[in-house]
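Student: One structure, as structure tokens, below. Some questions next.
Numbering (full-length UniProt numbering), first residue to last: 1 to 125.
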């Protein structure tokens, strides 16, 4: 997301650049919330870039200028769908373990990711 923000180009630059900034700014507090939740549950969250890269299962994009706005949002939509799937899986496990704290946090992420997917889908029509 950050890469697309930095490398977007073309006729829709101003609009898309700003939208991408809003999107990645909304993700940062979500990452922080999940990391704190891991700590609250007695886990050890990733704290180094190396750890994030080793554990990431979303493909990293190359830092190249991109004029194809549709391509940018297709990639982001796929990424949000993947995050939504993970949040639903975590929620299902949390519900079965009666871990209401994790379940509630996943509800918030599910709502956020669902809205992002919907918004991107609307913009792609």
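For each residue, glycine too, the CB sits at the ideal point set by N, CA and C.
1. Can you find the residues in the same chain that come closer than 7 Å, C-beta to C-beta, to residue 90, ignoring five residues on each side of it along the sequence?
2. Count the CB pairs spanning the stretch 69 to 82 and the stretch 1 to 20 that are closer than 8 Å, and state whether there are at least three.
3. Determine the closest residue to residue 37 out of 99, 123, 49 and 1, with distance taken between C-alpha atoms.
4. Measure the CB-CB distance between residue 58 and residue 79 and report whether it falls below 7 Å.
5. If we count the other Cβ atoms within 10 Å of its Cβ and call it buried at 16 or more, is residue 124 buried or exposed?
6. Hey, residue 73 and residue 120: beta-carbon distance below 7 Å or not?
7. Assign residue 61 to one of three DSSP states: helix, strand, or coil.
Tutor: Inspection of the coordinates gives the following:
1. Here residue 90 is taken as the residue at index 90 of the chain shown, counted from 1. A distance below 7 Å between beta-carbons, with the five flanking residues on each side excluded, links residue 90 to the following residues of its chain, in chain order: 102 and 106.
2. A contact between stretches requires three or more CB pairs, one per stretch, nearer than 8 Å, and the stretch 69 to 82 meets this requirement with the stretch 1 to 20.
3. Here residue 37 refers to the residue found at position 37 when the chain shown is read from its first residue. Looking at the Cα atoms, 99 is the closest of the given residues.
4. Along the chain shown, one-based indexing puts residue 58 at 58. Along the chain shown, one-based indexing puts residue 79 at 79. Going by C-beta atoms, residue 58 is nearer than 7 Å to residue 79.
5. Along the chain shown, one-based indexing puts residue 124 at 124. Of the residues assessed, residue 124 falls on the exposed side of the cut-off, its CB having fewer than 16 other CB atoms within 10 angstroms.
6. Counting from one through the chain shown, the residue named residue 73 turns up at place 73. Counting from one through the chain shown, the residue named residue 120 turns up at place 120. Result yes, Cβ atoms of residue 73 and residue 120 sit closer than 7 Å.
7. Here the question's residue 61 lines up with position 61 in the chain shown. Residue state, collapsed to three classes: coil.
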